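Here our numbering is used: the first residue of the sequence shown is 6, the next is one more, and so on.
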Amino acid sequence: MTRLRFTDLARLGAAGLRSRPLRAVLAALGIAIGIAAMTAVVGVSASSRAELHRTLDRLGTNLLTVGPGSKLFADEPATLPTEAVAMVGRIGPVTSVSATGRVDAKVYRTDRMPAAENGSIAVVASYLDLPGTVGATVARGVWLNEATARYPTAVLGGVAADRLGAVVGQPVWLGEAWFTVVGVLGPVPLAPELDSSALVGWTAAADYLGFDGHATTIYTRADEAAVEAVAAVLANTANPEAPSEVQVSRPSDALAAGRAADDAFTGLLLGLGAVALLVGGVGVANTMVISVLERRGEIGLRRSLGATRGQIRAQFFAESLLLCALGGVGGVLLGIGVTTAYAVTQGWPAVVPAWASLGALGATVLIGAVAGLYPAVRAARLAPTAALAAP
């Protein structure tokens, strides 16, 4: 008996699917949904990770922050020495240093606002070189300079400006005086506390708001190769008398931790996609079993004309593989489309790893093989006379 070639099997399988197009489309749709879900989840996760890397490459991972901790066996918070900023700046590998100091003041849209409605906006004194150190940009207006830092002017973080409804050139009631808004910052990923802050000059904070001159956060940039070494000596340098009362952190680690938390949700969504894929496989198996029952006459005729059991088995097995392959290709394309659309709306680079697409197609082949095995064997076992006699 002549062995069926691959092209013959593909043609027979396609003919079987074309004879019942609606059923084939619905069965392939189940596979496509599962594959699309898994591809999109991996793609969105990879795109988010690429955006994180792009952000860190732009902002740098060499930013360290120094702040006061708490005193041992005491209730009051610790403070950094007024010389801390200058001492940190003398560390060899440190390339830039800046600072902010928390001011005991509230900011309101007008002097008529109730005291409780301050929008949880912090007021901080700032060094003039702060934006360059933390990677902040001014979205509207200008940053503080040598002149404006001595007068009642303020730069608002983006969140603070939204809460106050403030615009550049408009005064806000800060402490017990009017301060003119001269600028609004864009988002600051490595120093998100600035987003909800009102920043004033160091001198103005002392003159108008009673600021004591103690920094509460020191931002430090160091050479990439020496970040760990600088972090190890920052506490002792900032407060030699009580290094245990100093907290040192690396903001980029917080972003990476957030990415790790997102990976947990990615795993959950991949599980849901696998369930959808399993349901699609069951749908394909059900479609193929029904196809065998409905086509017993065809099977009997082919057997009576000389087709072997192996050829019948190969035909239905090929139909199942082809059905799943169509669903797999459609699912991968749909998943790539969803990933691209979501990444574009978020301003991310669209990334779909090659292993995700190839793995999805491999999964469809495996599902097709498993789903088509039993129907193919069942079709091959039908006796020609019994198949021809079936209604």
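Glycine included, C-beta positions come from ideal geometry on N, C-alpha and C. Owing to the predicted nature of the structure, the values given are computational and were not obtained by experimental measurement.
- Item | Length of the line joining the Cα atoms of Ala41 and Ser325 | 19 Å
- Task: Leaving aside the five residues before and after Val49 along the sequence, list all residues of the same chain whose C-beta is less than 6 Å from its C-beta, in chain order.
- Result: Thr344 and Tyr347
- Best match in Val251, His219 and Glu151 for proximity to Pro73 [C-alpha to C-alpha]: Val251
- My guess is that Ser202 and Gly162 are in contact by the Cβ rule of under 8 Å, so how many angstroms apart are they, rounded? 5 Å
- Quick one: residues in its chain with C-beta nearer than 7 Å to the C-beta of Val382, no 5 flanking neighbours on either side, listed in chain order? Arg318
- Message: Please report the straight-line C-alpha distance between Pro176 and Ala91, rounded to a whole angstrom.
- Response: 33 Å
- Message: With the cut-off set at 8 Å, would you say Val289 and Ala196 are in Cβ contact?
- Response: no
- When the distance is taken between beta carbons, is Trp178 closer than 8 Å to Thr115? yes
- Query: Taking the continuous alpha helix (DSSP H) assigned at Ser3, which residues delimit it?
  - Reply: The first residue shown for the chain is 6 and the last is 396, placing residue 3 beyond what the model contains.
- Task: Just grab the DSSP bridge partners of Arg383 for me.
- Result: DSSP lists no partner for Arg383.
- Message: When you compare the CB positions of Thr66 and Thr222, do they come within less than 8 Å of one another, or not?
- Response: no
- Query: The beta strand (DSSP E) spanning Gly137 covers which residue range?
  - Reply: It is not in any beta strand (DSSP E) - Gly137 instead sits in the alpha helix (DSSP H) that spans Leu135 to Val139.
- By how many angstroms is the C-alpha of Pro380 removed from the C-alpha of Ile295? 9 Å
- Query: Which class does Thr70 belong to by DSSP, given the choice of helix, strand or coil?
  - Reply: strand
- Task: Can you have a look at Asn150 and say buried or exposed, based on whether 16 or more other CB atoms are within 10 angstroms of its CB?
- Result: exposed
- Span of the beta strand (DSSP E), counted from its first residue to its last, around Tyr224: Thr222 to Ala227
- Of the residues Ala243, Gly373 and Gly367, which one's Cα is nearest the Cα of Val93? Ala243
- Which two residues bound the contiguous beta strand (DSSP E) that contains Thr185? Ala182 to Leu190
- Item | Span separating the alpha-carbon of Ala312 from that of Phe321 | 13 Å
- Item | For Ser249, the residue or residues it bridges with in DSSP | Answer is none; Ser249 lacks a bridge partner.
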